[in-house]
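What follows is a short report on a single structure.
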Amino acid sequence: MSDFQAIADRVEIEALRGEFTDAAMMRDYDRLASLFTPDGVLRMPNIPAELAGPEEIRTWGRRVPGFVEFLVQTTHPGVIRIEGDTAHGRAYMQEVGRLVDGRSEFNFAIYHDQYRRTGDGWRFTERVYEVRYHDSTPLTGSPVPASTPRR
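So that you can map any letter, position 109 of the sequence shown is 109 in UniProt numbering, and since no number is skipped, the others follow by simple counting.
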């Protein structure tokens, strides 16, 4: 593999991780589900949820507004190891949100990822969310009313 191809792969995988965060923040669960291979799995043991395939991911995502008032998720780059048409890596997360029942959530976590190159670009084959720090102290702030989305 050329150095240029390795750089391009890393940029594409980082863009995939950014798309995931953006789709979650924008509550665009169709787009979020499209980031997984047909056999892809999203595991969130802290919830607990294990979602196999884009349709389960999409269906679960559509239920999220029923129990999550708001969520702010930020992704921090982590390691990426490319092995031909597959790769694995980690992304570091910080999340803050409030559930519709009033409970607050603040955490730091790691996504442990597996990726595969497809005809549509790099996709997740597995994404496992590991919470490393959790704080449920009630949040004192509130979400700002939504403005017109910018593209």
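Note that beta-carbon positions come from the ideal geometry of N, C-alpha and C, so glycine has one too. Small disclaimer: the values here were computed from a predicted structure and weren't measured.
Please identify the residue among the options whose C-alpha is closest to the C-alpha of residue i.
| i | options | result |
| --- | --- | --- |
| residue 95 | 88, 107, 40 | 107 |
| residue 124 | 89, 27, 84, 63 | 89 |
| residue 153 | 140, 52, 138 | What is shown of the chain runs 1 to 151, which leaves residue 153 out entirely. |
| residue 139 | 112, 147, 133, 103 | 103 |
| residue 54 | 69, 67, 33, 62 | 33 |
| residue 91 | 10, 6, 135 | 10 |
| residue 58 | 80, 79, 35 | 35 |
By DSSP's criteria, residue i is part of a beta bridge. Which residues make up the other side?
| i | result |
| --- | --- |
| residue 122 | 117 |
| residue 106 | 96, 135 |
| residue 91 | 111 |
| residue 67 | According to DSSP, which records beta bridges pairwise, residue 67 is partnered with nothing at all. |
| residue 129 | 111 |
| residue 49 | 44 |
Along the chain, where does the alpha helix (DSSP H) that runs through residue i open and close?
| i | result |
| --- | --- |
| residue 22 | 3-25 |
| residue 54 | 53-63 |
I need the straight-line Cα distance from residue i to residue j, nearest angstrom please.
| i | j | result |
| --- | --- | --- |
| residue 127 | residue 145 | 31 Å |
| residue 45 | residue 130 | 7 Å |
| residue 110 | residue 75 | 9 Å |
| residue 117 | residue 84 | 9 Å |
| residue 38 | residue 23 | 18 Å |
| residue 77 | residue 114 | 15 Å |
| residue 47 | residue 60 | 12 Å |
| residue 137 | residue 69 | 16 Å |
| residue 72 | residue 56 | 22 Å |
| residue 65 | residue 101 | 12 Å |
| residue 67 | residue 21 | 19 Å |
| residue 7 | residue 105 | 36 Å |
| residue 12 | residue 122 | 7 Å |
Helix, strand or coil: how does DSSP classify residue i here?
| i | result |
| --- | --- |
| residue 35 | coil |
| residue 141 | coil |
Which first and last residues belong to the beta strand (DSSP E) in which residue i is found?
| i | result |
| --- | --- |
| residue 79 | Premise fails: residue 79 is in no beta strand (DSSP E) and is neither H nor E. |
Spell out whether any CB of chain B is found under 9 Å from the CB atom of residue i.
| i | result |
| --- | --- |
| residue 129 | Any reference to chain B falls outside this structure, which holds one protein chain only. |
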